[in-house]
Every structure is written in C-alpha cells, then in structure tokens.
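A.B. asks: Before we start, here is the structure in question, set down as structure tokens.
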Amino acid sequence: MAPRDDKAMSAVGRGEGDGAAGMSIFPLAANLAAARDPAAPRARTEDEATTLAGGPVFLAVEELDAVYETPDAAEAAVPDLYGTGLYELIWRDGWRVTMRYWRPAPPAPVARTAEAAVKKRLGHARTPEEARTLLETPAELAREVLPNLYLDHKQLLKRWGKLVKNGLGEIVEREGKFALAIRFWRPMHAPGIAAPLAPIERIELAERVAAPLRPEAPQEDMDIGLFENTAPENPNVVLVTEEGDGRFRGSE
Numbered sequence: 002m003a004p005r006d007d008k009a010m011s012a013v014g015r016g017e018g019d020g021a022a023g024m025s026i027f028p029l030a031a032n033l034a035a036a037r038d039p040a041a042p043r044a045r046t047e048d049e050a051t052t053l054a055g056g057p058v059f060l061a062v063e064e065l066d067a068v069y070e071t072p073d074a075a076e077a078a079v080p081d082l083y084g085t086g087l088y089e090l091i092w093r094d095g096w097r098v099t100m101r102y103w104r105p106a107p108p109a110p111v112a113r114t115a116e117a118a119v120k121k122r123l124g125h126a127r128t129p130e131e132a133r134t135l136l137e138t139p140a141e142l143a144r145e146v147l148p149n150l151y152l153d154h155k156q157l158l159k160r161w162g163k164l165v166k167n168g169l170g171e172i173v174e175r176e177g178k179f180a181l182a183i184r185f186w187r188p189m190h191a192p193g194i195a196a197p198l199a200p201i202e203r204i205e206l207a208e209r210v211a212a213p214l215r216p217e218a219p220q221e222d223m224d225i226g227l228f229e230n231t232a233p234e235n236p237n238v239v240l241v242t243e244e245g246d247g248r249f250r251g252s253e
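The number in our numbering is simply the position in the sequence shown, starting from 1, with 1 added.
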C-alpha cells in the first residue's frame, strides 16, 4: 500500500469529522454526474433535501471514475477534495475519490408500522400528498427499525439488500448485531388516538366480517383415555368404563 501523507486524509480523517460532515451542504441529484454540476440544488439536512425532492432521499456515496497516482494528483483534479465534506480520498488499488450527495429514493411504502411496510403495505407514495390520497388522512415520513437481528451485514443484505441499495433501508446496530431501519409513510394522528382506517383497510375488514367463519386448522380427533370408549351408536360420544366415575361426555 502506498504511504499516506497529511493530504491523504478526508475531512473526517482530519478530525473535521462528523461535526463538519453534518454541517456540509450536499447536492441533490439523481446520479453522480448531475451531483457534480455546480448548478445542482443543495441541502444541509435530510429534511431540507426531502422537501426539495418532494419525497424521501438518502445520502449516496459513489466513487469517481478516475484513479490517481498520488493524493496531490487527486487534489488537483478535485479542488474541493478537502474541507467541504463532499469528497473523501480512499486507497483501493490506487488513490480514488468518493462523493456524497442526496439522491431521491424510490416511492416509499405506505403502512401503519415498519413490519407492515415490508410485508403488507397499502401502496407506495413519493410525496405526502400521494400518501394522503391512499390513507385519506395526513401522512408523515417515518423511520422505524425492524425487530429481526442479523449476525453481520452479509446476512442482512441477503434478505434486505434491495431496500438498502435503493435507500429506503438502512443498516443499524442493535445489541451487538445488525437490524434494518426502513423509511415509510404512515398516518399522522394524535397520541393515544388511532388513525382512521384507509379505504383499502376498510374494504379488507368488510370482506373479513362478511366471510363465513373457518377454523384455522382441522379439528383433531377426540382424545380417548385409558378407561374411555366411544359409544357404538355414536362415535361423537365418549363413555367411561366401570373403572371410571360412570359419567359420559360428548355431543351429537
């Protein structure tokens, strides 16, 4: 590996770190090329970027195509390499530069909970207005962590890789393991008061109420004890033998 010098450190590596990165203003764009355009709109926070995009966004990190022989060559090609928080210099078979920018996420699921968002969503929406149309009540963009824990990133990505890649999902650490945090639209309501049912939920509830009752599983055969026998004339009746108490039970 090539030796590092003082310039071969990103803003994070030089101690300008999370605080400086958090104060950086990142461009909002659909891809890396558009993000490098000086005319691209910029936002300091996720909330600002969400407002600009009209829907959920995520902080993308992508590599520039070029590979540089030295940190000085990288700085000459990318004048804003240091101090802005937009770029970071890394070593991977040569000196490379990564860029951070806000990228619009695909339409987010609409649901009441995070688990419903990944299993039984009501639909998808990019903006609060679209989500409100589905819910027939004001909606907010929420972020919740799913309860399942995974030993490592590889195990989690095998199950949720698509959500992480498109920005709706985020890997977080929980209890020494890893979990998925997901963004989704949910109905807004006052504390302690449930939000009204969405049209889709009302239809589903009406269908369930109208449907005939069905057991979850077939009824098991009757349990015949040591001193019990079924009545010859009716197998649905269990009779107790002389060793028992003389009572019988059963139903037609």
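Glycine included, C-beta positions come from ideal geometry on N, C-alpha and C.
Is it buried or exposed, Val210, if we count other Cβ atoms within 10 angstroms and call 16 or more buried?
C.D. replies: Within the sequence shown, residue 210 is the residue found at index 209, counting from 1. Label assigned to Val210: exposed.
A.B. asks: Just reading off the beta strand (DSSP E) that Ala67 is part of, what are its end residues?
C.D. replies: If you number the sequence shown from 1, residue 67 lands on position 66. Counting along the chain, Ala67 falls outside any beta strand (DSSP E), and DSSP gives it neither H nor E.
A.B. asks: Can you give me the start and stop residues for the beta strand (DSSP E) that Lys1 sits inside?
C.D. replies: Missing from the structure shown is residue 1; the chain here goes from 2 to 253 and no further.
A.B. asks: Taking all protein chains shown into account, decide if Val79 is buried (16 or more other Cβ within 10 angstroms of its Cβ) or exposed.
C.D. replies: Numbered from its first residue, the sequence shown carries residue 79 at position 78. Per the 10 Å Cβ criterion, buried.
A.B. asks: Rounded to a whole number of angstroms, what is the C-alpha to C-alpha distance between Ala22 and Ala212?
C.D. replies: For this step, residue 22 is matched to residue 21 along the sequence shown. For this step, residue 212 is matched to residue 211 along the sequence shown. Because Ala22 carries a pLDDT of 43, less than 50, the predicted location of this residue cannot be relied on, and no value is offered for it.
A.B. asks: From the DSSP secondary-structure annotation, give me the bridge partner or partners of His125.
C.D. replies: The count along the sequence shown starts at 1 and reaches residue 125 at position 124. DSSP, once it has assigned bridges, lists Pro110 as partnering His125.
A.B. asks: CA-CA distance, Lys120 and Leu164?
C.D. replies: Taking the first residue of the sequence shown as 1, we reach residue 120 at position 119. Taking the first residue of the sequence shown as 1, we reach residue 164 at position 163. Between Lys120 and Leu164, the C-alpha separation is close to 13 Å.
A.B. asks: Distance check for Asp224 and Pro129, CA to CA, integer angstroms please.
C.D. replies: As a first step, residue 129 must be located in the sequence shown, where it is residue number 128. As a first step, residue 224 must be located in the sequence shown, where it is residue number 223. When rounded, the distance between both Cα atoms is 57 Å.
A.B. asks: Am I right that Pro28 and Ala36 are in contact with their C-beta atoms under 8 Å? What's the rounded C-beta distance?
C.D. replies: As a first step, residue 28 is located in the sequence shown; it is residue number 27 there, counting from the start. As a first step, residue 36 is located in the sequence shown; it is residue number 35 there, counting from the start. Correct: roughly 5 Å between the Cβ atoms.
A.B. asks: Once the 5 residues before and after Glu174 are set aside, which same chain residues still bring their CB inside 7 Å of it?
C.D. replies: As a working mapping, residue 174 is identified with position 173 in the sequence shown. Taken in chain order, the list of residues that qualify is empty.
A.B. asks: Give a yes or no on contact between the region 81-97 and the region 40-49, applying the rule of three or more CB pairs nearer than 8 Å.
C.D. replies: Result no; under three Cβ-Cβ pairs closer than 8 Å.
A.B. asks: State the CB to CB distance for the pair Trp161 and Gly170, rounded to an integer number of angstroms; the pair is presumed to be in contact (CB under 8 Å).
C.D. replies: Position 160 of the sequence shown holds residue 161. Position 169 of the sequence shown holds residue 170. 5 Å between Cβ atoms; contact.
A.B. asks: Considering only C-alpha positions, which residue in the set Ile91, Leu181, Val98 and Leu60 is nearest to Gln156?
C.D. replies: Along the sequence shown, read from residue 1 onward, the residue named residue 156 stands at position 155. That would be Leu181, whose Cα lies nearest to the Cα of Gln156.
A.B. asks: Among the residues of its own chain, which have a CB less than 6 Å from the CB of Ala115, if the five just before and after it don't count?
C.D. replies: Residue mapping note: residue 115 aligns to position 114 of the sequence shown, counting from 1. Closer than 6 Å at the Cβ level, and outside the excluded window around Ala115, lie Glu145, Leu147 and Ile183.
A.B. asks: From Asp153 to Ala126, what distance separates their C-alpha atoms?
C.D. replies: Within the sequence shown, residue 153 is the residue found at index 152, counting from 1. Within the sequence shown, residue 126 is the residue found at index 125, counting from 1. Their backbone Cα atoms lie some 31 Å apart in a straight line.
A.B. asks: Specify the secondary structure class of Val62 as computed by DSSP and reduced to three states.
C.D. replies: As a working note, residue 62 is residue 61 in the sequence shown. If DSSP states are grouped into helix, strand and coil, Val62 belongs with the strands.
A.B. asks: What is the residue span of the alpha helix (DSSP H) that Ala30 lies within?
C.D. replies: By one-based count along the sequence shown, residue 30 stands at place 29. Note, Ala30: premise wrong, no alpha helix (DSSP H); not H, not E.
A.B. asks: Could you give the C-beta distance for Ala109 and Pro57, rounded to a whole number, given that I count them as a contact under 8 Å?
C.D. replies: On the sequence shown, residue 109 is found 108 positions in, with the first residue counted as 1. On the sequence shown, residue 57 is found 56 positions in, with the first residue counted as 1. With a Cβ gap of about 5 Å, Ala109 and Pro57 count as contacting.
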